[in-house]
Amino acid sequence: MLIASNNIISSATGIQQDDPLGPLIFPMVVDGVGRSIASPFNIWYLDDATLEGPVEAVAADIRRVPLQSPKRLAQDFLNEIDITVKRCAELICNVNFDDTGWRQAKLPLSFGGLGLRSAVDLALPAYFSSFSSSHELIDEILGGSSQCFLGRSFEQACSAWTQELLSLPLDTPKQKSWDKIKCEANFTNLRLSLDQHDLACLLSASQPSSGAWLNAVPSSSTVYKRKKNCEYIYLSIYLSIYLSIYLSIS
9 MLIASNNIIS
19 SATGIQQDDP
29 LGPLIFPMVV
39 DGVGRSIASP
49 FNIWYLDDAT
59 LEGPVEAVAA
69 DIRRVPLQSP
79 KRLAQDFLNE
89 IDITVKRCAE
99 LICNVNFDDT
109 GWRQAKLPLS
119 FGGLGLRSAV
129 DLALPAYFSS
139 FSSSHELIDE
149 ILGGSSQCFL
159 GRSFEQACSA
169 WTQELLSLPL
179 DTPKQKSWDK
189 IKCEANFTNL
199 RLSLDQHDLA
209 CLLSASQPSS
219 GAWLNAVPSS
229 STVYKRKKNC
239 EYIYLSIYLS
249 IYLSIYLSIS
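Quick note: the sequence shown uses the numbering used here, first residue 9, plus one each step.
Right, here's the structure in full:
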């Protein structure tokens with residue numbers, strides 16, 4: 009359980025970090041994948057796998073491994089992560105996110121959001137930056153045969169990126185470079201969908217240091233002490249959304 013002041017949050021599902029059951033449960037999940045490998049050299053230790061054999065054989069094994077790229081990564085699973093984050097944020101912040109408010113909340117603070125990053129939005133930037141930083145080493149190891157490992161996964165990821173008319177970053181190995189392009193596109197699309205009031209709120213929230221209060225450390229000092237429930241009201245104004253339950257700041 010997690011204890012914060014007088015509040016206790018019980019761990020109802022899954023296992024805690026460093027729980028000795030973790031190393032046991034993980035192999036139970038990936039055991040089927042490990043046993044399906046046909047490469048002559050096949051060694052696994054938890055999430056680390058080493059395969060060796062003819063390039064064609066190893067490439068065929070890797071193509072069979074599920075969740076190879078973000079486009080094949082079950083979209084429903086990524087959406088479930090986003091839905092869970094949204095529900096938790098609504099409970100913690102005492103707000104009901106409408107579509108517009110949630111689209112803004114998923115943006116980084118520098119774009120007027122809350123930094124509640126979307127798993128769906130981060131999937132492609134993470135995939136492309138990982139590929140960009142590793143493909144030269146893979147080519148060197150495999151003698152220029154890394155294309156055998158790409159297949160439809162890479163093509164689908166590229167197709168998803170180009171369908172959104174997104175440009176390519178200059179510093180491709182850095183996830184931040186890909187992510188910035190995605191965030192800029194999301195910010196622009198959000199701007200175009202807003203009425204004058206919501207647009208004014210978004211532009212105000214995206215100004216430098218406008219979200220600095222979110223990083224403020226609570227203090228018991230009389231000078232810096234916030235009134236009760238002020239954070240909830242600040243948040244509703246910041247995102248131009250309504251509170252779930254009206255509160256007093258007295």
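Note that the Cβ used here is the ideal one computed from N, Cα and C, for glycine as well.
Original post:
Grouping DSSP H, G and I as helix and E and B as strand, with all else coil, what is Asn14?
Top reply: coil
Original post:
Taking 7 Å as the cut-off, does the CB of Thr180 come closer than this to any heavy atom belonging to the ligand ATP?
Top reply: This structure does not include the ligand ATP; it has no bound ligands of any sort.
Subject >> the segment 137-146 contacting the segment 92-102, beta-carbon criterion three pairs below 8 Å >> reply: no
**OP:** Report the rounded CA-to-CA distance for Gly61 versus Lys190, giving the unit in angstroms.
**Re:** 38 Å
Subject >> Cβ contact (3+ pairs, closer than 8 Å) linking the segment 167-176 and the segment 206-219 >> reply: no
**OP:** Can you tell me which of Ile45, Thr58, Glu192 puts its alpha carbon nearest to the alpha carbon of Leu173?
**Re:** Glu192
Subject >> Test item: CB-CB of Trp186 and Phe136 under 8 Å >> reply: yes
Original post:
Would you call Leu32 buried or exposed, if buried means 16 or more other Cβ atoms sit within 10 Å of its Cβ?
Top reply: exposed
**OP:** Leaving aside the five residues before and after Gly123 along the sequence, list all residues of the same chain whose C-beta is less than 6 Å from its C-beta, in chain order.
**Re:** Pro116, Leu117
Original post:
Would you call the CB atoms of Leu29 and Ala113 closer than 8 Å?
Top reply: no
Original post:
Below 8 Å between beta carbons: does that hold for Phe195 and Phe119?
Top reply: yes
Subject >> Buried or exposed by the 16-neighbour rule on C-beta atoms within 10 Å, applied to Phe34 >> reply: exposed
**OP:** Specify the secondary structure class of Phe105 as computed by DSSP and reduced to three states.
**Re:** coil
Subject >> Residue of Gly40, Lys182, Lys94, Thr108 minimising C-alpha distance to Phe139 >> reply: Lys182
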